[in-house]
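S.K.:
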Amino acid sequence: MALSATQMSLCFQSYWYMWLTSALSGLLFMGIDIGIAAFFMAKFRKRKPSNYKRPPTVDNRPLSPTEIKTFDDPERNTASRRSRIRGSSAKSDNSGIMDGSNDFAHATCEMINLFRQQYDVPSVELDDQLSEIAQDWANQMAETGKLEHRPLESRNFARQSLGENYLAQYQTELTANKMVRKWMKEGRRYRFGYDGRRDTSNFTQLVWQGTRQIGVGRARSADGNWWYGVVVFDPPGNIPNQYAENVKFPTA
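If you're matching positions, the sequence shown starts at 1 in full-length UniProt numbering and goes up one per residue.
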């Protein structure tokens with residue numbers, strides 16, 4: 001049975017629509033598949049661990065005097081700094097400051113107690129035996145040029161380890177006011193009620209309620225360029241899970 005021209009035309013149109021619909025559907029599903037694949041590939045790339053390793057930082061190694069210089073306050077007056085350097089350049093060892101060590105220790109104790117009053121915690125007393133320990137480590141840092149904590153096994157006192165703060169000052173003389181205020185500035189970063197961090201440990205130790213005695217030491221490098229200050233604390237502070245009851249909000 002032969003088909004008429006009209007019937008043939010309708011058949012071709014039907015086949016054409018079927019092919020076009022199938023092609024468009026195929027393209028649509030292909031686009032969806034590509035989108036899903038791209039999504040999972042991007043997600044996988046985000047989760048893929050990097051092989052990059054951070055280089056050593058000051059968090060896991062001792063600081064050298066050259067690196068410490070970058071932490072000095074920029075509030076130094078150039079003219080007064082030069083005059084003080086000229087006035088102290090003749091001193092090449094620690095013998096020139098030993099006579100003033102007691103004055104420095106007492107001034108440091110007074111400054112610490114001044115700030116402790118603002119946090120409503122008891123004052124600390126200066127102890128001669130603790131000061132010998134602090135002075136010994138200040139001398140050690142001045143000799144080696146390394147700014148670092150004394151090993152815990154060498155910091156034992158009355159069956160417990162002492163707390164310890166330290167600071168180095170380049171060229172200009174390290175004073176009690178400079179040293180204590182430098183540590184107190186860390187309080188701007190401390191979150192009260194939470195455990196402290198490495199960059200707030202000096203502040204939290206200074207105002208730690210449980211501390212009762214301190215020892216203070218100061219030394220100067222042989223070349224006369226560096227001053228080192230050390231304060232040890234008994235009982236020690238910065239004990240995990242005890243910050244909330246020992247580091248109070250300032251009262252003023």
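Backbone N, C-alpha and C fix where the C-beta goes; we use that ideal spot for every residue, glycine too.
1) Name, in chain order, the residues that DSSP records as bridge partners for Tyr170.
2) Between Thr204, Val180, Met179, which has its C-alpha nearest Arg191's C-alpha?
3) At which residue ranges does the UniProt domain "SCP" (103–241) contain complete alpha helix (DSSP H) runs of 4 or more residues, listed in the order of the chain?
4) Give a yes or no on whether the C-beta atoms belonging to Met141 and Tyr166 are separated by under 9 Å.
5) Who are the Cβ neighbours of residue 264 in its own chain at under 7 Å, not counting the five residues just before and after it?
6) Examine the Cβ distances between the region 222–229 and the region 193–201 and report whether three or more of them are shorter than 8 Å.
7) Nearest CA to the CA of Glu186: which residue from Asp199, Asn113, Thr172?
8) Can you tell me which of Phe29, Ile36, Arg220 puts its alpha carbon nearest to the alpha carbon of Gln171?
9) Measuring straight from C-alpha to C-alpha, what distance separates Leu174 and Ala244?
10) Ordered along the chain, which non-local residues of its own chain (more than five positions away) have a Cβ less than 6 Å from that of Val216?
11) So, for Ile112: in the same chain, excluding its five sequence neighbours on each side, which residues have a beta-carbon less than 8 Å away from its beta-carbon?
12) Please state the DSSP three-state secondary structure of Thr6.
13) When you compare only the Cα positions, how much space is there between Ser201 and Ile36?
14) Note down the Cα distance separating Ser161 from Gln209, rounded to an integer number of angstroms.
15) Evaluate Asn238 with the Cβ neighbour count: other Cβ atoms within 10 Å of its Cβ, from every protein chain shown; 16 or more gives buried, anything less gives exposed.
16) Could you have a look at Phe249 and say whether DSSP puts it in helix, strand or coil?
M.R.: This is what the structure gives:
1) Residue 170 sits at position 170 when you count from the first residue of the sequence shown. Within the DSSP bridge table, the entry for Tyr170 names Trp226 as partners.
2) Indexing the sequence shown from 1 puts residue 191 at position 191. The candidate whose alpha carbon is nearest that of Arg191 is Thr204.
3) DSSP runs (the alpha helix (DSSP H)) wholly in the UniProt domain "SCP" (103–241): 128–144, 176–184, 201–206.
4) Along the sequence shown, one-based indexing puts residue 141 at 141. Along the sequence shown, one-based indexing puts residue 166 at 166. Yes, these two residues count as a Cβ contact at 9 Å.
5) Only positions 1 to 252 of the chain appear in this structure, which leaves residue 264 out of reach.
6) no
7) Within the sequence shown, numbered from 1, the residue matching residue 186 stands at position 186. Comparing Cα positions, the closest option is Asp199.
8) One-based indexing of the sequence shown puts residue 171 at position 171. When only C-alpha atoms are compared, the closest one is Arg220.
9) As a position in the sequence shown, residue 174 is number 174, starting the count at 1. As a position in the sequence shown, residue 244 is number 244, starting the count at 1. Distance between the alpha carbons of Leu174 and Ala244: 32 Å.
10) Here residue 216 refers to the residue found at position 216 of the sequence shown. Within the same chain, Val216 has close Cβ partners Ala105, Thr108, Ser131, Ala134, Val231.
11) Position 112 of the sequence shown, counting from 1, holds the residue named residue 112. Val124, Val180, Leu206, Ile214, Val231.
12) Start at 1 with the first residue of the sequence shown, and residue 6 comes out as number 6. The answer is helix: DSSP assigns Thr6 an H, G or I state.
13) Position 201 of the sequence shown holds residue 201. Position 36 of the sequence shown holds residue 36. Each residue's alpha carbon lies about 50 Å from the other.
14) One-based indexing of the sequence shown puts residue 161 at position 161. One-based indexing of the sequence shown puts residue 209 at position 209. If you take the alpha carbons of Ser161 and Gln209, they lie about 17 Å apart.
15) The residue given as residue 238 occupies position 238 in the sequence shown. Result: buried.
16) Here residue 249 refers to the residue found at position 249 when the sequence shown is read from its first residue. Coil.
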